[in-house]
Amino acid sequence: MSEVVIEEQEAPTRGNLESQHEITAEIEDLQRQDERSGVHRTQSRLDFAPYRSSILRHPTKALEHADPEGIELWSPVFGTRDVDPLEADLTIQRGGEPIGERIRITGRVLDGDGRPVRGQLVEIWQANAAGRYIHKRDQHPAPIDPHFTGVGRTLTGDDGSYSFLTIKPGPYPWGNHRNAWRPAHVHFSLFGREFTQRMITQMYFPGDPLFALDPIYQSVTDPKARERLVASYDHDLSEHEFLLGYRWDIVLTGEHATRMEQESDHA
Amino acid sequence: MPESTTPYAAERGPVPTPGQTIGPFYHFALPYEGGEHLVAPGCPGAIRLHGFVTDGNGTGIQDSMLELWQADESGQVVQQPGSLTSDPGRFTGFGRTSTWRDGGYSFTTVVPGPTSQGAAPFIAMVVFARGLLNRLFTRVYLPDDAEALANDPFLSSLAEDRRSTLIATREADGVYRFDVRLQGDGETVFLQFPRHEV
Numbered sequence: 001m002s003e004v005v006i007e008e009q010e011a012p013t014r015g016n017l018e019s020q021h022e023i024t025a026e027i028e029d030l031q032r033q034d035e036r037s038g039v040h041r042t043q044s045r046l047d048f049a050p051y052r053s054s055i056l057r058h059p060t061k062a063l064e065h066a067d068p069e070g071i072e073l074w075s076p077v078f079g080t081r082d083v084d085p086l087e088a089d090l091t092i093q094r095g096g097e098p099i100g101e102r103i104r105i106t107g108r109v110l111d112g113d114g115r116p117v118r119g120q121l122v123e124i125w126q127a128n129a130a131g132r133y134i135h136k137r138d139q140h141p142a143p144i145d146p147h148f149t150g151v152g153r154t155l156t157g158d159d160g161s162y163s164f165l166t167i168k169p170g171p172y173p174w175g176n177h178r179n180a181w182r183p184a185h186v187h188f189s190l191f192g193r194e195f196t197q198r199m200i201t202q203m204y205f206p207g208d209p210l211f212a213l214d215p216i217y218q219s220v221t222d223p224k225a226r227e228r229l230v231a232s233y234d235h236d237l238s239e240h241e242f243l244l245g246y247r248w249d250i251v252l253t254g255e256h257a258t259r260m261e262q263e264s265d266h267a
Numbered sequence: 001m002p003e004s005t006t007p008y009a010a011e012r013g014p015v016p017t018p019g020q021t022i023g024p025f026y027h028f029a030l031p032y033e034g035g036e037h038l039v040a041p042g043c044p045g046a047i048r049l050h051g052f053v054t055d056g057n058g059t060g061i062q063d064s065m066l067e068l069w070q071a072d073e074s075g076q077v078v079q080q081p082g083s084l085t086s087d088p089g090r091f092t093g094f095g096r097t098s099t100w101r102d103g104g105y106s107f108t109t110v111v112p113g114p115t116s117q118g119a120a121p122f123i124a125m126v127v128f129a130r131g132l133l134n135r136l137f138t139r140v141y142l143p144d145d146a147e148a149l150a151n152d153p154f155l156s157s158l159a160e161d162r163r164s165t166l167i168a169t170r171e172a173d174g175v176y177r178f179d180v181r182l183q184g185d186g187e188t189v190f191l192q193f194p195r196h197e198v
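Chains as they are written, first to last, in the UniProt record's numbering: chain A, 1 to 267; chain B, 1 to 198.
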């Protein structure tokens, strides 16, 4: 397939960009469509044109129903060989304190039956306090923080819990439309006990004024479902003269395999 | 969307958190050294599984990430840590790679053995990309055992032109080609499992 063309990366300065007003109108149209048809999607809509990059990257044929078999009923196992406990602290990775609002993000990873997902890998990545990623394709002219990589990993505890010490990421501009800004977010990558539970998502911070404008956040067309992406501020998690605490629980899809330990597993 | 035809339909638990796009900036976080080599290249039984991830125009997607999950050659599912280490001798059955600038990718792995009676073995694959708002699951079947493929209940349930998108082509001894077409001509079959919503 030598005819494969190399795509040009979307650039923040591309011409002929739609206005926020036009994008917002498109978002509202699609959400009204879903509302009218009584579809309460709990997941992001794959076909969501206000997010321009999705136009050529969503399947147009219906997904094929499949019962999970064999390998799909299992998940890779990760352990202390894979993850250093220090990787859950994003404030100590580069020999100095990163600039920003120090926060803890903690919560539990549960499966679709409400059971904790134990000892499983959680990976996160995020922009720094100025809204800049350490990534060669991020050309946003905000400062790089030499003391911040924005990458963390951990294994969940017996109760499915995880905890990251980090700084609050900043919002940043992107090339989707004119004057487009992403709300501050942290990317999360998750595994369950079955490969069918694999997922990647984004966690947002409560009360962000950019929510209504963001086609990625709004691709979850149901308002109640959207709120599941937003952490809550938890003052009991905040630490005296040290950090602010956010709590965010993640629910994976339900398992298909019947396992022996499940009956006594509700926590 | 409600699914009512499966034995898993009785939902009592919490509602799953929405998935979101991986975005363009995951390269410094998720891929790890040796992630594309489930076994060391050149070791006995090693095969190369490669191809392109393309969009609705047939253009290669340069910021896609693929993961493989599979049994070993005897059909055993490995349940051992070590996937994220760079030990070339490990085989955990898990691999991860991001696509190159032209949308191409390549894994080194082994032919998976059978895990379910009466079903053709396959490699489970999950696809992430900027612009793709949630992950997509698919399966990579290898072409060599035509009888097993012909008798596989899932493959048999698919229309002929769709079925072929899940079967890698053999390019040479130990070299297989599997393209992931997110949209358009020859669009890859992606899976919806019970308890999942599109």
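Ideal Cβ placement from N, Cα and C applies to all residues, glycine included. Here the structure is a predicted model, which means the values were calculated and not measured.
Within the same chain, show all residues whose beta-carbon is closer than 6 Å to that of residue i, passing over the 5 residues directly before and after it, in chain order.
i	result
phenylalanine 48 (chain A)	Ser54 and Ser219
glutamate 160 (chain B)	none
threonine 24 (chain A)	none
threonine 13 (chain A)	At threonine 13 (chain A) the pLDDT is 49, less than 50, meaning the model places this residue with poor confidence; the figure from the coordinates comes in the next sentence. Excluding residues within five positions, none has a Cβ falling inside 6 Å.
aspartate 222 (chain A)	His40 and Arg41
phenylalanine 137 (chain B)	Val126 and Leu191
alanine 120 (chain B)	Tyr141, Ala148, Leu149 and Asp152
glutamate 26 (chain A)	Pro50
For the alpha helix (DSSP H) containing residue i, list its first residue and its last residue.
i	result
glutamate 18 (chain A)	Looking at the DSSP string, glutamate 18 (chain A) is not in any alpha helix (DSSP H), and its letter there is neither H nor E.
glutamate 239 (chain A)	Careful: glutamate 239 (chain A) lies outside any alpha helix (DSSP H) and carries neither H nor E.
glutamate 160 (chain B)	160–163
Just checking my contact of residue i with residue j at CB under 8 Å: how many whole Å lie between their CB atoms?
i	j	result
glycine 170 (chain A)	leucine 90 (chain A)	Their Cβ separation, rounded to whole angstroms, is 14 Å, which puts glycine 170 (chain A) and leucine 90 (chain A) out of contact at 8 Å.
leucine 121 (chain A)	arginine 153 (chain A)	7 Å
proline 18 (chain B)	threonine 253 (chain A)	Actually they are not in contact, since the Cβ atoms of proline 18 (chain B) and threonine 253 (chain A) sit about 11 Å apart, beyond 8 Å.
phenylalanine 188 (chain A)	isoleucine 99 (chain A)	Contact doesn't hold; Cβ gap of about 23 Å is too wide.
valine 251 (chain A)	proline 114 (chain B)	33 Å between Cβ atoms; not a contact.
glycine 34 (chain B)	proline 81 (chain B)	With 8 Å as the limit, glycine 34 (chain B) and proline 81 (chain B) do not qualify as a contact, their Cβ atoms being about 15 Å apart.
tyrosine 172 (chain A)	histidine 140 (chain A)	5 Å
histidine 185 (chain A)	methionine 199 (chain A)	Contact flag wrong, Cβ pair sits at about 15 Å.
leucine 56 (chain A)	arginine 178 (chain A)	Not a contact, Cβ separation roughly 21 Å.
arginine 48 (chain B)	threonine 108 (chain B)	6 Å
Here's a check: name, in chain order, each residue in its chain whose Cβ is nearer than 7 Å to the Cβ of residue i, leaving out the five neighbours to either side.
i	result
tyrosine 105 (chain B)	His50, Gly51, Val53, Leu66, Thr97 and Thr99
serine 264 (chain A)	Legend: pLDDT at serine 264 (chain A) = 41, less than 50; position of this residue unreliable, no value from coordinates given.
tryptophan 69 (chain B)	Gly93, Phe94 and Ala124
proline 143 (chain A)	Ala130 and Arg132
valine 189 (chain B)	Thr138, Leu158, Arg162, Thr165 and Leu166
tryptophan 248 (chain A)	Ile105, Gly107, Met203 and Ala231
aspartate 138 (chain A)	Arg132
Which stretch, first to last residue, makes up the beta strand (DSSP E) that contains residue i?
i	result
phenylalanine 164 (chain A)	161–167
glutamate 67 (chain B)	64–69
alanine 146 (chain B)	Run containing alanine 146 (chain B): none in the beta strand (DSSP E); it sits in the alpha helix (DSSP H), 146–151.
isoleucine 227 (chain A)	A small fix is needed here, since residue 227 (chain A) is glutamate in this sequence, not isoleucine. Premise fails: glutamate 227 (chain A) lies in the alpha helix (DSSP H), 223–227, not in any beta strand (DSSP E).
threonine 42 (chain A)	Segment: none, threonine 42 (chain A) is in no beta strand (DSSP E) and carries neither H nor E.
valine 78 (chain B)	Careful: valine 78 (chain B) lies outside any beta strand (DSSP E) and carries neither H nor E.
glutamate 87 (chain A)	No beta strand (DSSP E) contains glutamate 87 (chain A), which DSSP labels as neither H nor E.
isoleucine 144 (chain A)	Neither: isoleucine 144 (chain A) is in no beta strand (DSSP E) and is coded neither H nor E.
tryptophan 248 (chain A)	Where tryptophan 248 (chain A) is concerned, there is no enclosing beta strand (DSSP E), given that its DSSP letter is neither H nor E.
arginine 177 (chain B)	175–177
alanine 172 (chain B)	169–172
isoleucine 55 (chain A)	From DSSP, isoleucine 55 (chain A) is part of no beta strand (DSSP E); its letter is neither H nor E.
Would the C-beta of residue i count as close to the ligand MN, meaning under 7 Å from any of its heavy atoms?
i	result
isoleucine 23 (chain A)	For the structure depicted, the ligand MN is absent and the ligand set is empty, with no information on it obtainable.
Check the DSSP bridge columns for residue i and list the partner residues they point to.
i	result
glycine 107 (chain A)	A:Tyr162
isoleucine 124 (chain A)	A:Gly152 and A:Phe188
isoleucine 47 (chain B)	B:Thr109
isoleucine 123 (chain B)	B:Val140
phenylalanine 94 (chain B)	B:Trp69
glycine 34 (chain B)	In DSSP, glycine 34 (chain B) forms no bridge with anything.
tyrosine 172 (chain A)	A:Arg182
glutamate 64 (chain A)	B:Leu191
glutamine 197 (chain A)	Glutamine 197 (chain A) pairs with nothing; no bridge assigned.
alanine 129 (chain B)	B:Ser64
Measuring alpha carbon to alpha carbon, tell me which residue in the options is nearest residue i.
i	options	result
aspartate 55 (chain B)	B:Leu133, B:Met125 and B:Gly103	B:Gly103
leucine 142 (chain B)	B:Asn151, B:Pro112 and B:Asn134	B:Pro112
phenylalanine 78 (chain A)	A:Ala62, A:His58, A:Arg118 and A:His40	A:Arg118
arginine 45 (chain A)	A:Ser37, A:His58 and A:Gly38	A:His58
valine 180 (chain B)	B:Gly82, B:Arg135 and B:Leu30	B:Arg135
glutamate 197 (chain B)	A:Leu86, A:Glu64 and A:Ala212	A:Glu64
glycine 60 (chain B)	B:Ala146, B:Arg101, B:Gly118 and B:Phe122	B:Arg101
aspartate 63 (chain B)	B:Phe107, B:Phe154, B:Phe193 and B:Gly131	B:Gly131
alanine 46 (chain B)	B:Phe193, B:Val175 and B:Gly75	B:Val175
residue 240 (chain B)	A:Arg52, A:Thr201, A:Pro206 and A:Lys61	Only positions 1 to 198 of chain B appear in the structure, and residue 240 (chain B) is not among them; the question remains open.
glycine 70 (chain A)	B:Tyr32, B:Gly118, B:Asn57 and B:Phe128	B:Gly118
proline 194 (chain B)	A:His240, A:Asp67, A:Pro206 and A:Gly192	A:Asp67
Output needed for residue i: all residues of its chain with C-beta closer than 8 Å, excluding positions within five of it in sequence on either side, in chain order.
i	result
proline 146 (chain A)	Arg94 and Gly96
phenylalanine 242 (chain A)	Arg102
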